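Counting from 1, position 228 in the sequence shown corresponds to residue 330 in the working numbering; the numbering is continuous, with no gaps. Backbone N, C-alpha and C define an ideal beta-carbon position, used for all residues, glycine too. Remember, it's a predicted structure, so these values are computed and weren't measured experimentally. What follows is one structure encoded as structure tokens, with my remarks underneath.
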Amino acid sequence: MTITITTTVPFLDLAAQQAEVADEVLSGWRAQLQSASFVGGPEVAAFESEYAEYIGARHVVGVSNGTDALELAYRAIGIQAGDEIIMPANTFIATAEAASRVGAVPVFVDVDDEHLLIDPDAVAAAITSRTRAITPVHLFGQTAPMAQITALARRHGLIVVEDAAQAQGASGAAGRAGTLGRVAATSFYPGKNLGAAGDAGAVMTDDTGIASIVRNLAGHGSSVKYVHDNIGFNARLDAVQATVLRAKLRRLDSWNAARRTAAARYAELLSGVEGVRLPAPRPGNVDVWHLYVVRVDDRDDVMARMGAAGIGVGIHYPTPVHLTDAYAGLGGRRGQFPVAEAAADRILSLPMFPHLTQRQQELVAEALQRAVSSGTSTA
Ligand SMILES: *Cc1c(COP(=O)(O)O)cnc(C)c1O
103 MTITITTTVP FLDLAAQQAE VADEVLSGWR AQLQSASFVG GPEVAAFESE
153 YAEYIGARHV VGVSNGTDAL ELAYRAIGIQ AGDEIIMPAN TFIATAEAAS
203 RVGAVPVFVD VDDEHLLIDP DAVAAAITSR TRAITPVHLF GQTAPMAQIT
253 ALARRHGLIV VEDAAQAQGA SGAAGRAGTL GRVAATSFYP GKNLGAAGDA
303 GAVMTDDTGI ASIVRNLAGH GSSVKYVHDN IGFNARLDAV QATVLRAKLR
353 RLDSWNAARR TAAARYAELL SGVEGVRLPA PRPGNVDVWH LYVVRVDDRD
403 DVMARMGAAG IGVGIHYPTP VHLTDAYAGL GGRRGQFPVA EAAADRILSL
453 PMFPHLTQRQ QELVAEALQR AVSSGTSTA
């Protein structure tokens, strides 16, 4: 009989993060129970101005989640049914869903093989007379090539709407994610770098007009109580979430720095491991490593071996959006976006969170080395 010692490294462990903020959050929530100010109110306003100052935007409007944030951004810039919005094929499906919800057509394009970010040449090739906007996604924690995207948008009269859901605190040469387009949307889903205790999101912009339309639409198309100038919806941020977000925002820079340390450590532990392609930030980017995504052959086998070794891993995302059943109606076919499709078959997200320890990372690296080498020896 063999004795197996299973050491588990979770893919994501938020318990230590919650413990750091627990006292502040609980005292804030207790005060809210007393004041009974649950939707909007001073706590939400305080978070909005603190986050605006943090990223360097004039306006932040807290909303219900990241998908609603994107939809509100599209509505606020006047996207109409039939308008085309160019976006990368490898993103979380919400980027496309928000476009579809306003009646627009998501036009997918391929990504660059090095960073898996939207490819500006592919964007240029996809522009038609119906194109109204480009939505670069700051995937895995680093900003998309905004200088080229901005230049293209200017040349063709298009609006840049950033999907900054995976990049809280990240920056490119021109500033922080969320300030690099006309308007930006982000998500504070619990697993994001800045996460709430439930669903939450925000729209960011320097444009006062856009900000006030977003606020109006998110609150039943009303800016003055019971005066409704638009058919809006209910997409407001709750005070209980704002309290969590305020406490975590104070720690975001140090948590992102811890992720950068962990990424550097993975690079060291995995350098020279044959069969593992490591991620790298684009020059000029400060990456906040929302995800640490390597590429391996025989990914599904490697993933199964990692699971058996007690290491939590993920795939972001297994199916490029153009190949999902949901978007089959747009006629996407295999072979259309070779880089995104090849990456989808090889990507593997390793455990990554601020409180990941050196020992945990060593276990991940050892397991990965074993998983890829047992693949080649049995092939
Ligand atoms: C999480 C995410 C969203 C959607 O955010 P929700 O808050 O879950 O609605 C949109 N885009 C990207 C790239 C995301 O990672």
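Backbone CA spacing between residue i and residue j [nearest angstrom]
{"i": "residue 323", "j": "residue 395", "result": "41 Å"}
{"i": "residue 259", "j": "residue 281", "result": "19 Å"}
{"i": "residue 358", "j": "residue 476", "result": "34 Å"}
{"i": "residue 416", "j": "residue 376", "result": "21 Å"}
{"i": "residue 352", "j": "residue 126", "result": "11 Å"}
{"i": "residue 479", "j": "residue 303", "result": "Only weak support exists for where residue 479 lies, its pLDDT of 49 falling under 50; the coordinates are left without a value."}
{"i": "residue 399", "j": "residue 142", "result": "48 Å"}
{"i": "residue 119", "j": "residue 257", "result": "44 Å"}
{"i": "residue 419", "j": "residue 129", "result": "38 Å"}
{"i": "residue 391", "j": "residue 245", "result": "11 Å"}
{"i": "residue 221", "j": "residue 242", "result": "15 Å"}
{"i": "residue 472", "j": "residue 382", "result": "23 Å"}
{"i": "residue 331", "j": "residue 319", "result": "9 Å"}
{"i": "residue 317", "j": "residue 401", "result": "44 Å"}
Candidates the options, of which the one nearest residue i by Cα
{"i": "residue 458", "options": "205, 402, 401, 365", "result": "365"}
{"i": "residue 97", "options": "197, 230, 188, 470", "result": "In this structure the chain extends from 103 to 481, so residue 97 is not present and cannot be described."}
{"i": "residue 250", "options": "275, 265, 285, 267", "result": "275"}
{"i": "residue 131", "options": "316, 299, 305", "result": "299"}
{"i": "residue 355", "options": "369, 431, 153", "result": "153"}
{"i": "residue 84", "options": "201, 233, 269", "result": "This structure cannot settle anything about residue 84, because the visible part of the chain is limited to 103 through 481."}
{"i": "residue 450", "options": "403, 424, 433", "result": "403"}
{"i": "residue 389", "options": "121, 321, 317, 360", "result": "360"}
{"i": "residue 270", "options": "467, 329, 113, 287", "result": "287"}
{"i": "residue 60", "options": "273, 277, 341, 434", "result": "As shown, the chain starts at 103 and ends at 481. That puts residue 60 outside it, with no answer to give."}
Residue i - DSSP class collapsed to helix/strand/coil
{"i": "residue 408", "result": "helix"}
{"i": "residue 358", "result": "helix"}
{"i": "residue 340", "result": "strand"}
{"i": "residue 258", "result": "helix"}
{"i": "residue 315", "result": "helix"}
{"i": "residue 156", "result": "helix"}
{"i": "residue 238", "result": "coil"}
{"i": "residue 204", "result": "coil"}
{"i": "residue 251", "result": "helix"}
Whether residue i touches residue j by CB criterion (8 Å)
{"i": "residue 371", "j": "residue 443", "result": "no"}
{"i": "residue 406", "j": "residue 422", "result": "no"}
{"i": "residue 172", "j": "residue 337", "result": "no"}
{"i": "residue 409", "j": "residue 111", "result": "no"}
{"i": "residue 305", "j": "residue 163", "result": "yes"}
{"i": "residue 237", "j": "residue 197", "result": "yes"}
{"i": "residue 134", "j": "residue 150", "result": "no"}
{"i": "residue 212", "j": "residue 441", "result": "yes"}
{"i": "residue 228", "j": "residue 209", "result": "yes"}
{"i": "residue 350", "j": "residue 165", "result": "no"}
{"i": "residue 168", "j": "residue 291", "result": "yes"}
{"i": "residue 466", "j": "residue 453", "result": "yes"}
Interface flag, residue i vs chain C, CB-CB below 8 Å
{"i": "residue 237", "result": "In the displayed structure, chain C is absent; only one protein chain is listed."}
| Cβ contact (3+ pairs, closer than 8 Å) linking the region 180–193 and the region 148–162 | no
| message | For the structure I just gave you, are there three or more beta carbon pairs, one from the region 170–190 and one from the region 342–350, closer than 8 Å? | response | Because the criterion of three Cβ pairs below 8 Å is not met, the region 170–190 and the region 342–350 do not touch.
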